Amino acid sequence: MVKIAARAKLNLFLEVTRRRPDGYHDLATLFARVGLADALTLRRSAAPGIALKVEGGPALGKPQDNIVYKAAEKFFAAFGISPAVEIKLKKNIPVGAGLGGGSSDGAAALLGLAKLYRTPRSAFPRLMKIAAAIGSDVPFFMLDEVLAEGRGRGEKLKPLKPAGRLPHIVLVYPGVPVYTKDVYGNLKLGAAPEIKARLREFSELCSFMKKGAFVPGQSGRLFNRLEDPVLPRHKAVRLARERLAGLGADAVLMSGSGACVFGLCRGRAKAALIAKAMGRIKGYRVFLTKFC
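Position one of the sequence shown corresponds to residue 7 (our numbering), numbered consecutively onward.
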């Protein structure tokens with residue numbers, strides 16, 4: 007039996023640089039892994055096939071439509087193994103939140119199956135190829151890294167080793183999902199000079215992180231281009247962001263395509279007070295967490 011945590015992510019920076027001919031978008035993003043996590047349990051079964059059970063979260067359709075199931079199918083096909091496995095997925099990460107919960111689950115399934123079936127370390131590039139095929143964010147979750155720069159669709163990764171202390175995090179899910187397809191459908195790209203300026207800011211933020219000089223609200227600018235199509239159309243997300251800022255978080259941003267917003271605080275006591283205040287608001291799910 008194998009147990010594995012599927013951690014959530016934040017995007018501390020996200021600029022969309024172009025629309026690609028294949029329908030995807032090229033990004034410049036800074037992924038950050040955080041403590042909030044789903045939990046997967048995998049065990050071999052006497053019965054053939056893939057048996058997936060999901061606990062928690064909304065009804066997500068047939069098991070065969072779940073990214074965990076799809077990851078397992080591709081794993082067994084790639085390694086020529088007859089499937090006979092039971093997988094239990096306990097959902098803690100909100101769905102439609104921009105936290106990468108589905109992508110993280112898919113990566114955890116691949117890593118868990120690799121451990122369960124004792125695939126060699128030399129097989130990791132094959133696992134990464136599967137990861138990129140099932141989702142743009144999945145490769146990040148395959149890495150054992152707190153931070154990574156992402157390019158391309160997000161699958162071209164460069165681990166970033168942060169120096170110094172990282173801030174505390176207040177995550178707020180406002181109770182209403184936002185769907186990635188709709189967000190990108192309403193997105194208008196920035197003008198070329200603006201994108202160029204944002205990419206300079208991206209490089210500066212990464213540099214601050216490497217030097218241990220990132221101080222939320224003072225050095226290193228957070229940015230998310232996807233706020234442009236989301237905030238005007240989703241009042242719940244906009245209000246949650248405004249409330250976090252109003253309570254004094256040192257930096258506030260929407261993660262990914264939303265609906266989750268987060269506040270960074272230099273001190274844990276301040277973060278705890280903000281989390282407590284946000285937790286009193288009806289319909290909100292609030293998490294006090296950290297980079298890990």
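Just so you know, even glycine gets a beta-carbon here, dropped at the ideal spot from N, CA and C.
Every value quoted in this text rests on a predicted model; they were computed, and no experiment measured them.
With a cut-off of 8 Å on Cβ pairs, the region 258-278 is in contact with the region 171-178, counting three or more such pairs. About 5 Å separates the beta carbon of Leu46 from that of Ala114, a gap short enough to meet the 8 Å contact definition. Asn98 and Gly269 have their C-alpha atoms roughly 19 Å apart.
Assigned with DSSP and collapsed to three states, Phe220 falls in coil, not helix or strand.
Shown here, Gly273 sits in coil according to DSSP, grouped into three states, outside any helix or strand. For Gly156, the pairing in a beta bridge is given by DSSP as Thr35, Leu163. Your pair Asn17 and Asn230 checks out as a contact, with CB atoms roughly 6 Å apart and the cut at 8 Å. Around the beta carbon of Pro165, a 10 Å sphere encloses fewer than 16 other beta carbons of the protein chains shown; the residue is thus reported as exposed. Taking the Cα of Glu61 as reference, the smallest distance to any Cα among Lys96, Ala154, Ala53 is reached at Lys96. Of Arg157, Gly104, Ala14, Ala53, the smallest CA-CA separation from Asp32 is found for Arg157.
For Lys241, the enclosing alpha helix (DSSP H) stretches over residues 241-252. The alpha-carbon separation between Ile73 and Leu58 amounts to approximately 11 Å. In this structure, Lys80 and Ile10 do not form a Cβ contact; the two beta carbons are roughly 17 Å apart against a cut-off of 8 Å. Ranked by Cα distance from Pro69, the options Glu92, Arg49, Arg249 are led by Glu92.
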